[in-house]
Structure formats: C-alpha cells, structure tokens
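Have a look at the structure below, then the notes.
Chains as they are written, first to last, in the working numbering: chain S, 1 to 463; chain D, 1 to 463.
This is the structure:
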C-alpha cells in the first residue's frame with residue numbers, strides 16, 4: 001500500500017448545479033445561495049478545517065444549448081446556468097482563511113495578457129501566494145456567439161495562441177521586476193529602484209507587448225498553473241506549462257494513461273516526474289457505516305436531474321442526445337479535438353456502444369453526473385482512494401460536491417481522519433505559498449519554461 | 001445656507017501613491033501595505049463608520065513615463081506605479097461591510113462586454129447591490145504599448161466604441177432575464193423558467209452578441225454608473241449614461257460650469273436634473289483646532305513628492321515638464337481632447353501662464369498634488385464644503401487620501417459629526433442598494449437610456 005500523501009482540492013463553480021445536477025433541490029443543499037458571500041466563506045472555512053490544499057473553481061463561457069436545440073433544459077435544471085464570474089470569489093474566501101489556495105479558471109482566449117497578468121499578480125499578493133490559474137482555451141460555440149463570432153477557432157490553433165499568450169505573461173511575471181526592486185525606503189523616499197525594473201518586449205504571432213509589468217513581484221510571481229486538457233495538443237500544452245493537471249472520468253486505468261503520458265512528455269522537455277501533480281475528479285457519499293452511506297446515496301439519488309446531466313453532456317460532446325431513441329445504439333470514438341470530454345459520439349466506427357437508456361441510468365446513479373460517486377464508510381472510501389492513487393498514478397483528488405456543503409463536511413469529518421490515521425494525509429499545513437506547499441519552492445523551478453524568461457536565464461526562444 | 005445632504009465617497013486606488021504623492025513616506029502612512037487584505041478591510045470599516053456612501057477606486061492602464069522620458073520618477077516615488085487590479089478589492093471589503101458601495105474603474109476598451117457584464121452582475125449579487133462602474137475609455141499611450149498597439153485610437157472614436165459597448169451591456173443586464181425568471185422551486189425541480197429568459201441580439205458597429213446573459217438578475221441589474229469625462233464628447237457620454245459624475249480641480253466655479261452643462265445635456269435627452277449626482281474631488285487636513293490643522297499640514301508637506309506629482313501631471317497632459325526651465329513660461333489652453341486633465345499645455349495661445357517653479361510650489365503645498373487640500377478645524381472644513389456644494393453645484397465629494405488611513409479617520413471623527421450637527425449629513429444609512437440610497441430606486445429609472453432595452457420598453461435604437 002502506498003504511503004504517498006494524498007492531496008485534496010475541492011472542485012466547485014460559481015453556480016447552482018456544477019456536476020451533480022439536481023442536488024440543489026435536496027432540502028439540505030445550499031447551492032442556490034451561490035450569490036451570498038457567506039456561502040463561499042463557510043465553504044472555505046470547512047475546507048481549511050479539512051486541510052484541503054485548494055479550491056478549484058471551474059468556469060465555462062457560454063450556455064449548454066445543444067440538448068433539444070436550446071438552453072431550456074439547462075435553465076430548468078440550473079445546470080451551470082446561470083453562471084457567475086469565478087475570479088471575484090477568491091479574495092472573499094482568502095479573507096477568512098490562511099492556507100487554502102484557489103485555482104481559478106480563466107479562458108485566455110478572451111483576455112489581454114497584460115491585464116490578466118496584473119489580475120493574477122494582484123490576487124497572488126492579496127492571498128499571500130495562494131492563487132492558481134486553470135488555463136482554459138474554451139470549447140462552446142455558444143461562447144463564440146456571446147463574444148461576437150460564430151464559431152470558435154480551430155482547437156489546435158487555440159493552443160498555439162495560448163503558447164504565445166503564456167510567453168507574454170511569463171515575461172511580465174518573471175522578467176519585469178527584480179526581487180529586490182522594491183525598497184519601500186521611507187527615509188530616502190524611494191519606493192522602487194528603476195534600475196531593477198525593466199520593460200518587457202514581445203512580438204509574437206498573436207500578442208505584442210512593450211511595457212513594464214504593472215504589479216510588483218508577488219509571493220509566487222507566476223501563479224500555480226493548472227491545466228485539464230486531455231487531447232494530444234492539450235497534453236503537449238500541459239507538459240510544457242502545467243504544474244497540476246486535472247483528469248476526469250470513471251476509469252482510473254484510462255486516467256493513468258493520460259497522466260503518465262503528460263509526465264513523459266514533460267520529462268522530454270527537461271522537467272521532472274514530480275514537477276507535475278495530477279488530480280482525479282471524484283465525488284464521495286460517506287457516512288459512519290456502509291449501510292448509512294448507501295441510504296444517503298439513495299436519498300440523494302431521488303434529487304438527481306438526469307435531464308440536467310444530459311444537457312451538460314450533450315454540450316460537452318456537441319451532440320444533441322434528445323435526438324436518439326432510448327435504446328438506439330450510439331457509438332463513442334476517441335476524439336482528440338475535444339478539450340473537455342474524452343470522447344465524441346458518432347454513429348461511425350464506434351469503440352463502444354451506448355444508449356440513452358443506459359446513460360440515463362448511469363446519470364441517476366451518478367447523482368446527475370455520468371460518473372458514479374464513491375459510496376461507503378470512511379474506511380471503504382479510503383480504500384478506494386488508495387486504489388485510485390495507484391491505478392491512475394495521481395497525487396490526489398478534486399472533490400466534486402453533491403449535496404453541498406454536506407458532502408464536503410462529511411468528507412472532512414469522516415474521510416480526512418481515516419486517511420490521517422493511515423498516515424496518508426497531513427495533520428497540519430506547511431507554511432508558505434501553495435507552490436511551496438506542493439513543490440517545496442514558492443517560485444517556478446528553473447527548469448520550467450516560464451523560468452527561462454527571467455533576466456539572465458537566457459530565453460529558450462528557439463524551442 | 002444649503003440644507004442639501006452632503007454625499008461622501010472616498011477616492012482611492014490599488015497602489016501606494018494615488019494623488020497625494022510622497023505621503024507613503026510619512027511614518028504613520030500605511031499605503032505601502034496596499035497588498036494586504038486587512039489594509040482594505042480596515043479602510044472599508046472606517047468609511048462605513050463615517051456613513052460614507054461609497055469608495056471609488058481609480059485605475060489607469062499604463063505607466064507615467066512622459067516625465068524625463070521614462071517611468072523612473074514614477075517608480076522612485078511610487079506614483080501610481082506599481083498599480084494593482086481594482087476589481088478584486090470590492091468583494092474583500094464587501095465582506096466586512098453592509099452599506100458601503102464600491103465604484104470600480106474599468107476601462108471598457110480592453111474588455112469583452114459579454115464577460116464584463118457577467119463580472120459586474122456577479123459583484124452586484126455578492127455585494128447585495130453595492131457596486132458601481134466608473135466607465136473609462138483610457139488615455140495613456142503606454143497602455144496601448146502594453147496591449148500590443150502603438151497609439152490609442154482617436155479620443156472621440158473611443159466614445160463611439162463606448163456607446164456601442166454600453167448598448168450591449170444594457171441589453172444583457174436589463175433585457176435578458178425577467179425579474180420573475182428565477183423560481184428556485186425545489187419541489188418541482190425548476191430553477192429558472194426558460195420562457196422568461198431571452199437571447200440578446202446585437203449587431204453594432206463594434207460589438208456583436210447573440211446570447212443569454214450568463215448571470216441571473218442582480219439587485220441593481222445595471223451597476224451604478226459613474227463617469228468622469230470633462231471633454232465635449234465626454235460630457236455628452238456622461239449625459240447619456242452617467243448617474244454619478246466626478247469633477248476634479250481646484251476651482252469650484254469651473255467645476256460648476258461642467259456640472260451644469262452635463263445636467264443640461266441630460267435633461268435635453270429626457271433625463272431629470274436630479275438623475276445625476278456630481279462629486280468633487282477634495283483632500284482635507286483637519287484637527288480639533290485651526291492651529292493644529294496647520295501644523296499637521298506642515299508636517300505632511302515635508303513628505304510631499306513634487307517629482308512624483310510632476311511625473312503624474314506630465315503623463316496626464318502628455319508633455320514632459322522636465323524640459324522646461326524653472327521660470328520658463330508655459331501656457332495652458334483648454335483642450336477638449338483630453339479625458340482626464342482639464343487643460344493641455346502648449347506654447348501657443350496660452351489662456352494662462354505657468355512656470356515649473358510655480359507648479360513645484362503648488363505641488364508641495366498640495367501634498368504631492370496640484371490641488372491644495374482644505375486645511376482647518378472641523379467647522380472651517382464644513383464651511384468650505386458648504387461653499388463648494390453651492391458654487392460647484394455638486395452633491396458631495398470624493399475624499400482624496402493624503403496620509404492614510406489617518407486623513408480618512410480624521411474626517412470621520414471630526415468633520416462628519418460637524419456636518420451632522422448642522423443637519424447636512426445623514427445619521428444612519430438608508431436600506432437597499434446604492435442606487436436606492438442615492439436615487440430612491442434600486443434599478444435604472446425608466447427614462448435612462450439603459451432602461452430602453454428592457455423587454456417591451458421599445459428600443460430607442462433610432463437615437
């Protein structure tokens with residue numbers, strides 16, 4: 001049995017129904033209060049009590065309007081619709097915690113690197129180094145319509161844009177201000193030493209900048225970088241940039257293939273195996289005994305919105321599942337072009353055959369999601385987590401909420417002590433920024449691509 | 001003497017030196033701690049204790065690099081350099097206050113209306129209707145360089161873009177979701193009624209959108225709209241959109257001309273005189289007696305950074321004042337093309353003649369700003385505020401910090417009670433969103449341009 005320390009993040013979104021659709025209708029669920037400051041602060045305090053490393057906040061720009069040809073089902077179910085901005089939640093929760101980090105999803109496609117760099121620097125300052133960025137390049141056509149276009153650009157081209165974007169923000173974060181540029185010298189009246197602040201120049205294929213970074217150096221400079229791409233191009237991007245990757249699914253073996261591939265590619269680029277931490281998305285229904293956990297799952301299940309789950313899944317794969325008969329065979333094939341889902345559906349060359357009836361049953365048992373929760377006593381849950389750590393080669397988990405905050409509170413009260421008793425989970429936070437806690441250093445390691453844009457590092461521009 | 005209730009905002013920025021340059025070197029000044037959550041929360045609590053309506057947070061994208069041909073002086077003095085993102089401060093301060101509103105400056109030139117609309121809706125939800133937007137179109141060439149261009153677009157053209165931008169966000173805020181669209185009906189499992197949520201379509205000269213607003217209706221829907229443009233085109237924009245205008249300067253008579261002109265133009269567009277509240281920027285040095293106030297001013301003055309003030313002013317007017325001899329005459333002429341400063345400097349046809357020596361003396365007395373503070377006992381300060389209210393035709397003031405938080409604490413402890421004793425200042429907050437407090441209604445009045453994009457209002461698209 002592994003003695004690797006298990007890392008935990010919570011996984012959430014600034015909306016009612018995130019992944020476990022319909023759970024908001026449960027009498028004890030509070031997610032319909034997602035517009036309250038207290039709702040988020042209470043969650044953060046609970047997570048810090050449970051020594052979670054971070055709260056990962058998803059985002060998606062656009063609506064789930066593929067199923068039945070419109071957004072009606074998503075609106076009815078509150079399935080990531082409405083959906084508020086994630087970035088303004090981090091400072092609210094940082095104000096009532098000391099260690100918990102915040103991984104914020106921002107789609108760079110619609111951002112200016114010069115301004116996004118400042119926003120993350122500001123958050124890194126305010127949180128004292130507890131901010132991460134989940135780098136996303138977007139995937140919904142409805143987002144393109146919201147932003148004035150008709151279709152999103154080609155998937156691989158988006159990653160080329162993203163590489164250029166990253167080069168700009170690395171230059172701003174890592175290269176513009178020396179560590180000792182800011183003196184705060186009241187006696188001499190010198191705030192910063194201009195000789196230690198330099199203009200960043202960039203003339204890339206997509207972005208051009210000729211400016212000093214607006215923010216002074218923050219605890220981490222570059223925020224902790226998350227990425228969740230599973231396509232071939234996405235994995236290459238992750239191997240180049242990501243420090244934490246997030247894999248989703250219900251098959252730890254399949255996850256392990258992706259995780260090992262990203263690690264292999266990263267090592268080919270001069271990074272180390274341990275430079276990347278991988279997290280698997282899971283949901284957990286637990287109670288003091290197995291029987292109670294099964295009862296709780298049955299009770300939650302009565303609130304699952306299969307329609308919400310179908311609306312979500314249809315948008316993820318770009319296929320309107322309402323057009324299929326209950327028992328009509330639907331084939332899945334691997335499709336590298338999709339950033340978020342591992343598979344696309346087509347009637348041609350199926351690797352696997354599904355039916356809407358099967359999906360509906362799966363989604364009911366999955367509490368409004370395609371993926372089944374881990375259900376059991378704390379000891380049974382811990383056993384499964386340990387198995388996943390080994391099979392999927394992950395370092396920890398992103399805990400998906402079901403009934404909230406109950407499911408998070410249960411995990412903290414029951415599973416965390418079980419893992420601690422087994423020596424698999426920390427009993428206190430380490431000090432320092434989130435990168436310090438996870439990787440032992442507050443700044444990007446010298447072998448990370450971003451570090452090459454430090455003064456004197458010698459840009460590896462030829463790569 | 002007027003019995004009009006005086007409205008107070010604090011005026012600040014997410015940086016060390018905002019307007020009173022050099023004050024950070026004073027032993028009691030805390031502004032060098034601008035990266036701390038506690039610094040901002042303490043300020044907010046002080047302002048709410050003083051029944052301030054709001055905290056107005058300035059922003060500027062770019063550096064002050066005109067003076068001496070580079071950013072060195074601004075860096076040395078900490079003159080709005082470095083400068084962090086303002087928007088993430090609002091939720092931090094909202095978490096520890098109940099009534100204080102936050103007017104956040106966002107330059108729309110670099111934003112996507114679809115996403116900025118969601119960000120403001122999110123903040124309006126979290127703050128329970130305490131968010132305002134100071135609409136800016138930007139003015140520094142250095143910002144354009146940071147964002148990949150060489151020069152900013154023409155001033156008037158920027159306002160045309162802004163009008164198109166505003167139409168998109170009004171449609172999203174006012175027109176996409178009916179008030180009764182969100183049911184939160186756990187029994188029926190209906191979060192929102194799709195029949196009451198509609199797609200917004202916009203094909204303007206600069207922006208196109210075909211989407212549902214991502215956020216459900218917030219307390220104010222459209223955030224309270226601030227604007228500070230003083231040019232002819234800027235005043236027209238303010239008359240069309242602004243609910244609060246901010247005027248700056250040291251001459252209440254000159255301010256009154258602008259304020260009355262904006263109100264006149266607004267009335268020509270069907271708005272009312274009282275639909276616009278005007279605020280004058282002031283700084284105050286006060287103490288229990290006049291002699292103590294004068295001593296405090298003399299003590300503060302020793303920390304003024306005239307160089308920082310010259311760097312700031314040179315960038316504002318686009319002219320490097322280091323190129324002039326101390327006594328060389330410099331002529332000012334009115335220039336409509338500048339969004340921020342009331343004057344531009346040229347050697348031709350001067351309306352007024354200045355020298356660098358004169359400016360330096362003015363900036364020392366002004367505590368690192370061109371504008372002199374009001375210095376005196378609480379009674380003397382109140383007398384001056386009352387005079388300004390009448391002469392400048394303003395509704396209240398934006399209090400510029402000098403030594404911080406001392407200058408704000410002094411105002412709250414000394415001037416607020418004096419105004420209350422005179423019946424000129426509220427003794428308790430009214431309930432409700434900031435627009436309710438200022439204008440008696442939480443939503444835009446029907447005669448505001450934004451209200452014309454409500455369903456059934458009949459778009460005044462022909463205007």
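For every residue, glycine included, the Cβ atom is placed at its ideal position computed from N, Cα and C. Remember, it's a predicted structure, so these values are computed and weren't measured experimentally.
Shortest Cα-Cα distance from residue 270/S to any of 37/S, 193/S, 240/S, 412/S involves 240/S. When Cβ-Cβ separations below 8 Å define contact, residue 230/S makes no contact with chain D. If you look at residue 105/D, you'll find it isn't in any alpha helix (DSSP H); it sits in the beta strand (DSSP E) that goes 101-107. Residue 162/D places its beta carbon 8 Å or farther from that of residue 131/D. In terms of beta-carbon proximity, residue 305/S lines the interface with chain D, with at least one pair separated by less than 8 Å. With a threshold of 8 Å between beta carbons, residue 125/S makes contact with chain D. For residue 133/S against residue 92/S, the beta-carbon gap comes to about 18 Å, at or over 8 Å, which does not count as contact. In the three-state DSSP reduction, residue 210/S falls in the strand class (E or B). A direct Cα-to-Cα measurement between residue 44/S and residue 56/S gives close to 11 Å.
With a threshold of 16 other beta carbon atoms within 10 Å, residue 421/D falls short and is exposed.
Chain order gives no chain S residues near residue 405/D, where near means a beta carbon separation below 7 Å; the closest approach is about 17 Å. Only 84, 85, 87, 88, 89, 90, 91, 92, 94, 95 from the segment 84-95 of chain D bring a Cβ to less than 8 Å from some Cβ of chain S.
137/S is the residue among 137/S, 221/S, 117/S, 72/S whose C-alpha sits nearest the C-alpha of residue 58/S. Contact annotation: in the segment 183-211 of chain D, residues whose CB is within less than 7 Å of a CB in chain S are 184, 186, 189, 190, 191, 192, 194, 197, 207, 208, 209, 210, 211.
For secondary structure counted as the alpha helix (DSSP H) over 4 or more consecutive residues, the segment 146-208 of chain S holds these complete runs in sequence order: 155-175. DSSP places residue 413/S in no beta strand (DSSP E); its state is neither H nor E. Within chain S, the residues placing a beta-carbon under 7 Å from that of residue 216/D are 82, ordered along the chain. For the segment 40-68 of chain D, the beta-carbon criterion of a distance under 9 Å to any beta-carbon of chain S is satisfied by 40, 41, 61, 62, 63, 65. Each residue's CA atom was taken as its position, placing residue 304/S and residue 327/S some 21 Å apart. The segment 202-220 of chain D makes no contact with the segment 241-248 of chain D: fewer than 3 CB pairs, one atom from each, lie closer than 8 Å. Interface annotation, residue 71/S: in contact with chain D, CB-CB separation under 8 Å. Take the alpha-carbon of residue 126/D and the one of residue 329/D: they are about 53 Å apart. Of all C-beta pairs linking the segment 16-33 of chain D to the segment 60-69 of chain D, fewer than three are shorter than 8 Å, placing the two stretches out of contact.
A Cβ of chain S is located within less than 8 Å of the beta carbon of residue 145/D. Under the Cβ criterion (8 Å, minimum of three pairs), the segment 259-270 of chain S does not count as touching the segment 178-197 of chain S.
Using a Cβ distance threshold of 8 Å, residue 194/S and residue 268/D do not count as a contacting pair. When only Cα atoms are considered, residue 318/D and residue 42/D end up about 36 Å apart. Contact annotation: residue 108/S and residue 48/S have beta-carbon atoms that are not nearer than 8 Å. Just so you know, the alpha carbons of residue 147/D and residue 210/S end up roughly 8 Å apart.
If you check the CB distance, residue 445/D and residue 129/D do not come in under 8 Å. Residues of the same chain with a CB within less than 6 Å of the CB of residue 395/D, apart from the 5 flanking positions on each side, are 7, 277, 278 in chain order. Judged by DSSP secondary structure, residue 436/D falls within the alpha helix (DSSP H) whose first and last residues are 434-439.
Counted as a single uninterrupted DSSP element, the stretch harbouring residue 24/D is not any alpha helix (DSSP H), since DSSP gives it neither H nor E. Residues of chain S whose Cβ lies closer than 7 Å to the Cβ of residue 35/D are, in chain order, 125, 126.
The shortest CA-to-CA distance from residue 156/D to any of 237/D, 197/D, 307/D is the one to 237/D.
In the three-state reduction of the DSSP assignment, residue 376/D falls in the strand class.
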